[in-house]
Amino acid sequence: MKYSLTIILLLFVATAFAQSETKSNKLVQFSGIITDADSNIVVPYVTITNLSVKEQKYAANYQGYYSFIAHPGDTVVFSAVGFTSKTLILPREIAEHKYTAMVKLKSEVVYLQAVRVNPWATVEEFNKDFLSMKVADDDMAIAKRNVSPKALRGMIATLPRDGQEISNGNYRYNFDRMVNTNMRQTNPLLNPFAWGRLMQTIFSGDKLRSEDR
Numbered sequence: 053m054k055y056s057l058t059i060i061l062l063l064f065v066a067t068a069f070a071q072s073e074t075k076s077n078k079l080v081q082f083s084g085i086i087t088d089a090d091s092n093i094v095v096p097y098v099t100i101t102n103l104s105v106k107e108q109k110y111a112a113n114y115q116g117y118y119s120f121i122a123h124p125g126d127t128v129v130f131s132a133v134g135f136t137s138k139t140l141i142l143p144r145e146i147a148e149h150k151y152t153a154m155v156k157l158k159s160e161v162v163y164l165q166a167v168r169v170n171p172w173a174t175v176e177e178f179n180k181d182f183l184s185m186k187v188a189d190d191d192m193a194i195a196k197r198n199v200s201p202k203a204l205r206g207m208i209a210t211l212p213r214d215g216q217e218i219s220n221g222n223y224r225y226n227f228d229r230m231v232n233t234n235m236r237q238t239n240p241l242l243n244p245f246a247w248g249r250l251m252q253t254i255f256s257g258d259k260l261r262s263e264d265r
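Here it is as structure tokens:
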């Protein structure tokens, strides 16, 4: 009877150990998408570390999608630059051979101390530059320099014409062309060809009068 109880106990322990061993060796396809917790925008190229399996590392693609083999109960860490790392523990009881999780990472806010940048390395350099500094002119001197003939000639030569100047120039050009056209049409004295024809007529008349005599 004692041996029978021992054999039954050994069989029970072996069965329990085999079941636990089977559960621990179960594999699941762990996949999902990683997004920003504030904007729901996908976070690309996130590093995924499985702490339960010798810290194996995986990476999500540019669309934030990840997929790899894991065990139920594994501890997985998601980390990315600019985001706070997030730890996720897979459930120990997973009915199917796949598990999906939508991971949301929180943006990490880093506050930097204010830095004051001085252009002088030492006080002696500051004193030297301060003493050799050229003091700027007052407002009256600057105004006189801006309206000097040299400054005005420089602005006339370099600055382009504005819309009003272009409009006035076009108006004067069109007006002069119209006046010249009317003068050529109404006043034959301003036409050199008309003068030529007049002189030819006078010479022809004088020639006829001389022949009649």
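Going by this note's numbering, the first residue of the sequence shown is number 53, and it counts up by one from there. Just so it is clear, CB atoms sit at the ideal spot from N, CA and C, and this is done for glycine as well. Small disclaimer: the values here were computed from a predicted structure and weren't measured.
If you draw a straight line from the C-alpha of residue i to the C-alpha of residue j, how long is it?
i: Thr253; j: Asn220; result: 45 angstroms
i: Ile218; j: Phe135; result: 59 angstroms
i: Val199; j: Ala209; result: 15 angstroms
i: Val94; j: Ser159; result: 12 angstroms
i: Leu204; j: Ile194; result: 14 angstroms
i: Val161; j: Thr99; result: 19 angstroms
i: Asp177; j: Arg168; result: The question names Asp, yet the displayed sequence has Glu at residue 177. Those two C-alpha atoms are separated by around 17 angstroms.
i: His149; j: Leu164; result: 46 angstroms
i: Glu73; j: Gln115; result: Reliability of the predicted coordinates at Glu73 is poor, the pLDDT of 42 falling under 50, and no value is obtained from them.
i: Lys180; j: Pro201; result: 37 angstroms
i: Val155; j: Pro124; result: 17 angstroms
i: Phe227; j: Gly206; result: 30 angstroms
i: Ile86; j: Ser137; result: 12 angstroms
i: Ser184; j: Ala166; result: 31 angstroms
i: Asp190; j: Ala173; result: 30 angstroms
i: Tyr110; j: Phe182; result: 59 angstroms
i: Asn231; j: Arg197; result: With the sequence shown as reference, residue 231 is identified as Val, and Asn is not the correct amino acid for it. Looking at the two C-alpha atoms, the distance is approximately 43 angstroms.
i: Arg249; j: Ser256; result: 10 angstroms
Residue i and residue j look like a contact to me (Cβ under 8 angstroms); what is the Cβ gap, rounded to whole Å?
i: Thr127; j: Ile141; result: 5 angstroms
i: Ala112; j: Pro96; result: 7 angstroms
i: Phe120; j: Phe82; result: 6 angstroms
Within the same chain, show all residues whose beta-carbon is closer than 8 angstroms to that of residue i, passing over the 5 residues directly before and after it, in chain order.
i: Asp282; result: Residue 282 lies beyond the residue range present for the chain, which begins at 53 and ends at 265; the question has no answer from this structure.
i: Arg213; result: Gly221
Here's a check: name, in chain order, each residue in its chain whose Cβ is nearer than 6 angstroms to the Cβ of residue i, leaving out the five neighbours to either side.
i: Ser104; result: Asp126 and Thr127
i: Ile146; result: Val80 and Pro124
i: Tyr117; result: Ile85
CB-CB under 7 angstroms to residue i, same chain, minus the five flanking residues each way: which ones, in chain order?
i: Glu107; result: Thr101
Where are the beta strand (DSSP E) runs, 3 residues long or more, that stay fully inside the region 86-138, in chain order? 99-102, 108-111, 117-122 and 127-131
Report the residue ranges of all alpha helix (DSSP H) runs contained in full by the region 183-240; include only those spanning at least 4 residues, in chain order. 191-198, 201-210 and 215-238
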